[in-house]
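Residue numbers (this note's numbering), protein chains in the order written: chain A, 93 to 582; chain B, 12 to 186. For each residue, glycine too, the CB sits at the ideal point set by N, CA and C. Taking it in order: structure first as structure tokens, then the write-up.
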């Protein structure tokens, strides 16, 4: 028996021509909320530009960056954006390798999210430099003074890892887009047709192209998984390889990776709900897929919670006086409010995802995803700032809440990310048309096979009569596969 | 002798696969299964089995590229950091392998990914001019079977495709 529509990943009877039409129309005709969000993002970005100009003209003092707070919100935000990029890899690469069909309608925007959050993250080391015109100092180039970068520094590893991750994830996005760009090329007019014609690189969908495409996509997915893990491990090494209390922790790499996947999944939930509404994608971004995303997020939330507990336990029983004092101070000191906010948003709130009614309620899930992301942002901030506030030397202790300029730039980075993302989904298909067709095709074939097997079993039962094997109701071990019906006509 | 390209369009995979099976069993005059190109909006899981083994060599280049990236990183970092001229002392290695390892890992992936993409573009025949025989319906829901044949076989091939219930048959003289 086929499940009711609301319980399906997607409706397998979706006509292929309609999939093309729906997705291509979304690029022309979003709801008004799209434009309102676009305007809000633009305004947020303008705030950041103004704050950066002010900081540039006045100096880094306006961002509160002086001893002992040489790193602060900029680095916490950098870690946050790097982390957010990991969910794209999780959804597109890991779930691709394990053949999780439900990823197909939603992986495209998750991949775009990966690329754009990396582009946003890349700004923060530059902003943090203060002298932005020297931004290329973050790259491991051969210095004109004859001094090579220190290859033993995790900061140099960062530059290698992030540039590799950015180029690999951008290529992964572009390669996965090619068949859809060919669809867009064939069914649009004017400048769009020209643009997609160039970007589709002559895709015709012949068997040679499909064979090479499939292999290439799988190989890239295999590269992206260890790459994503290495990137956040290396980012965690920026902290873990120092001797600062609260940072010199063995579990930091897995803790960072779990946090990254967690915040990324929460971001996917937010963008899922937004795109579903903006582009009327109710038939593609279904409640069933939302449920699966929520369950995945909950599982990762529990891993992250466990790693938090491990870190606390290791500090508590480790008897390193600086680490222990810092942990106590986080819980009861000036940053206690944020610490408990992090625990609430990151550990307690995700239990809401256990309730099916909530998981199927889009406004509730929108609020939940924002709460989870707040928790994950505060987590990054709690890693960076309290350690610098309460390090080894008590005479240097200083509480810092982040001046307005710093807040404005961080706030504006969300606007910048939003702008990139919104422009992307307006220009390119945010739902993978060919993969949704494949999904519908396979679902239909599965249902037909099941129906055929059931019919066969019924026939067997009739043939054997009431005294046949297994009490007359035997189920055949295997049934011949029904012929695959191919596509649904337009 | 003049050559023609023919493209037969089918309404679904079942008809296209039936036609391929018939070509395989020698029912099409002047063409074999090796001459057939299947064009489709999605990748059908059974097409590879029906068409027979056709090679995909992307992974060989990927492997080579990844190895190159690893070696490149090692020599790049070694050349920047190695202290060949000083007497090794105080625990400082001539070539500090542990730090090089992280960057070798990153460069292995970097070069592996780029080589994979470039190889894909070449081996999949992207950006290659192939004549005008194409239909926009191939990116909607129809399946195409394409082949290149001699002028003398053209009518026989068209008749074969008509018998296989092709929705449309397009042809183009190539040379």
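Reduced DSSP category for residue i - H, G, I as helix; E, B as strand; rest coil
i                      : result
residue 390 of chain A : helix
residue 320 of chain A : helix
residue 536 of chain A : helix
residue 520 of chain A : coil
residue 559 of chain A : Legend: pLDDT at residue 559 of chain A = 49, less than 50; position of this residue unreliable, no value from coordinates given.
residue 176 of chain B : coil
residue 529 of chain A : helix
residue 343 of chain A : coil
residue 330 of chain A : helix
residue 298 of chain A : strand
residue 181 of chain B : strand
residue 37 of chain B  : coil
residue 170 of chain A : helix
residue 161 of chain A : coil
residue 371 of chain A : coil
residue 139 of chain B : coil
residue 155 of chain B : strand
residue 488 of chain A : helix
residue 160 of chain B : strand
residue 124 of chain B : helix
Any C-beta of chain A under 8 Å from that of residue i
i                      : result
residue 158 of chain B : no
residue 114 of chain B : yes
residue 82 of chain B  : no
residue 181 of chain B : no
residue 46 of chain B  : no
residue 52 of chain B  : yes
residue 49 of chain B  : yes
residue 62 of chain B  : yes
Test: residue i CB closer than 8 Å to a CB of chain B
i                      : result
residue 126 of chain A : no
residue 274 of chain A : yes
residue 536 of chain A : no
residue 322 of chain A : yes
residue 294 of chain A : yes
residue 190 of chain A : no
residue 259 of chain A : yes
residue 302 of chain A : yes
Beta-carbon spacing of residue i, residue j below 8 Å
i                      : j                      : result
residue 474 of chain A : residue 422 of chain A : yes
residue 398 of chain A : residue 478 of chain A : no
residue 67 of chain B  : residue 112 of chain A : no
residue 306 of chain A : residue 135 of chain B : no
residue 189 of chain A : residue 323 of chain A : no
residue 118 of chain B : residue 83 of chain B  : yes
Contacts that residue i makes with chain B (C-beta to C-beta distance below 9 Å)
i                      : result
residue 279 of chain A : 147, 150, 151
Rounded C-alpha distance that separates residue i from residue j
i                      : j                      : result
residue 507 of chain A : residue 462 of chain A : 15 Å
residue 22 of chain B  : residue 529 of chain A : 15 Å
residue 560 of chain A : residue 552 of chain A : Residue confidence is low: residue 560 of chain A scores 42 on pLDDT, short of 50, so the model does not pin down where it sits. No coordinate-derived value is stated.
residue 134 of chain A : residue 481 of chain A : 34 Å
residue 263 of chain A : residue 128 of chain B : 8 Å
residue 445 of chain A : residue 290 of chain A : 43 Å
residue 303 of chain A : residue 88 of chain B  : 37 Å
residue 370 of chain A : residue 156 of chain B : 39 Å
residue 367 of chain A : residue 360 of chain A : 10 Å
residue 497 of chain A : residue 204 of chain A : 29 Å
residue 241 of chain A : residue 108 of chain B : 16 Å
residue 148 of chain A : residue 220 of chain A : 11 Å
residue 339 of chain A : residue 288 of chain A : 47 Å
residue 272 of chain A : residue 249 of chain A : 35 Å
residue 435 of chain A : residue 349 of chain A : 18 Å
residue 489 of chain A : residue 256 of chain A : 38 Å
residue 539 of chain A : residue 58 of chain B  : 21 Å
residue 403 of chain A : residue 77 of chain B  : 36 Å
residue 330 of chain A : residue 153 of chain A : 23 Å
residue 325 of chain A : residue 164 of chain A : 20 Å
residue 246 of chain A : residue 252 of chain A : 10 Å
residue 165 of chain B : residue 35 of chain B  : 18 Å
residue 353 of chain A : residue 142 of chain A : 32 Å
residue 182 of chain B : residue 104 of chain A : 34 Å
residue 137 of chain A : residue 355 of chain A : 22 Å
Chain-ordered chain A contacts of residue i [CB-CB under 7 Å]
i                      : result
residue 73 of chain B  : 311
residue 123 of chain B : 315
7 Å Cβ cut-off: residues of chain B touching residue i
i                      : result
residue 524 of chain A : Per Cβ cutoff of 7 Å: no residues; residue 524 of chain A is ~11 Å from chain B at best.
residue 253 of chain A : 117
residue 319 of chain A : 120
Residue i: CB within 7 Å of a non-hydrogen atom of the ligand MG
i                      : result
residue 397 of chain A : Questions concerning the ligand MG fall outside what the structure shown contains, since it holds no ligand whatsoever.
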